[in-house]
Amino acid sequence: MSVTSRAAVRRHELLSDLFATAERWLLEQDLAPEAASVTASGLVDHIVNHWGGQVISIPKDVRYMLTMRELEIYDQHTGDNTAELARKYHMSLRGMNKLLNRIRAKIKAAREADAAPGQLDMLEPPEPV
Numbered sequence: 019m020s021v022t023s024r025a026a027v028r029r030h031e032l033l034s035d036l037f038a039t040a041e042r043w044l045l046e047q048d049l050a051p052e053a054a055s056v057t058a059s060g061l062v063d064h065i066v067n068h069w070g071g072q073v074i075s076i077p078k079d080v081r082y083m084l085t086m087r088e089l090e091i092y093d094q095h096t097g098d099n100t101a102e103l104a105r106k107y108h109m110s111l112r113g114m115n116k117l118l119n120r121i122r123a124k125i126k127a128a129r130e131a132d133a134a135p136g137q138l139d140m141l142e143p144p145e146p147v
């Protein structure tokens, strides 16, 4: 398979996935099926027309992947106020500890990925050797 056809296949996969995901989310919001399909198609068309021809790298931003509620809880956590946060957010102490552990694991995984050998950040200047 040539590079061009592999790129075309990946492009098609990306746009098909975007369409299917947008349509599914719109249907979950009780939008009529035809309206969900038209809206998802419009979103894909917009991305193709607006961003088409550009090479885009999508970062795995752990802070974005965490929900606003998770970030709020994590930012308020001081290490000795877990029970207080559990009460504030109507969670059990065990549930709050599990949530904090999941957040820490996401942050740790992101930091490890950032520190991967050979991984360069195109937006930052290279470190002096």
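By my numbering, the letter at position 79 of the sequence shown is numbered 97, and the numbering carries on one by one without gaps. Think of the CB as a built atom: it goes at the ideal place given N, C-alpha and C, for glycine as much as any other residue.
G60 in three-state terms, based on DSSP: Looking up residue 60 in the sequence shown gives position 42. Helix, per DSSP.
Supposed contact pair A58 and E41 - C-beta distance, whole angstroms, cut 8 Å: As a first step, residue 41 is located in the sequence shown; it is residue number 23 there, counting from the start. As a first step, residue 58 is located in the sequence shown; it is residue number 40 there, counting from the start. In this structure E41 touches A58 by the C-beta definition: roughly 4 Å separates them, less than 8 Å.
Member of H108, S55, N115 and M86 whose CA lies at the smallest distance from the CA of G97: Position 79 of the sequence shown, counted from the start, is the residue given in the question as residue 97. Ranking H108, S55, N115 and M86 by Cα distance to G97 puts N115 first.
Classification of L89 by the beta-carbon crowding that lies within 10 angstroms, buried from 16 upward: Residue 89 sits at position 71 when you count from the first residue of the sequence shown. Its Cβ having fewer than 16 others within 10 Å, L89 is exposed.
At least 3 beta-carbon pairs within less than 8 Å: the region 104-111 vs the region 120-127: With a cut-off of 8 Å, the region 120-127 and the region 104-111 do not count as touching, because too few Cβ pairs lie within range.
For V66, the three-state DSSP class (helix, strand or coil): The residue given as residue 66 occupies position 48 in the sequence shown. Per DSSP, reduced to three states, the secondary structure at V66 is helical.
Sequence-distant residues of the same chain with beta carbon closer than 6 Å to Y92, five excluded per side: For the purposes of this step, residue 92 is identified with residue 74 of the sequence shown, where counting begins at 1. The residues are I121.
Whether L44 touches A53 by CB criterion (9 Å): What you label residue 44 is simply residue 26 of the sequence shown in a count that begins at 1. What you label residue 53 is simply residue 35 of the sequence shown in a count that begins at 1. Closer than 9 Å, so yes.
Beta-carbon proximity check, L36 vs I74, cutoff 9 Å: Here residue 36 refers to the residue found at position 18 when the sequence shown is read from its first residue. Here residue 74 refers to the residue found at position 56 when the sequence shown is read from its first residue. No, the Cβ-Cβ distance between L36 and I74 is not below 9 Å.
Exposure label - L117; buried when at least 16 CB within 10 Å: Taking the sequence shown and counting its residues from 1, one reaches residue 117 at position 99. The residue in question, L117, is buried, as its Cβ has 16 or more Cβ neighbours within 10 Å.
Of the listed residues M109, D132 and L33, nearest to W69 (C-alpha basis): Numbered from 1 along the sequence shown, position 51 holds the residue referred to as residue 69. When each option's Cα is compared against that of W69, the closest is L33.
Distance between P51 and E31 (C-alpha atoms, nearest Å): In the sequence shown, counting from the first residue as 1, residue 31 sits at position 13. In the sequence shown, counting from the first residue as 1, residue 51 sits at position 33. In a straight line, the C-alpha of E31 is about 22 Å away from that of P51.
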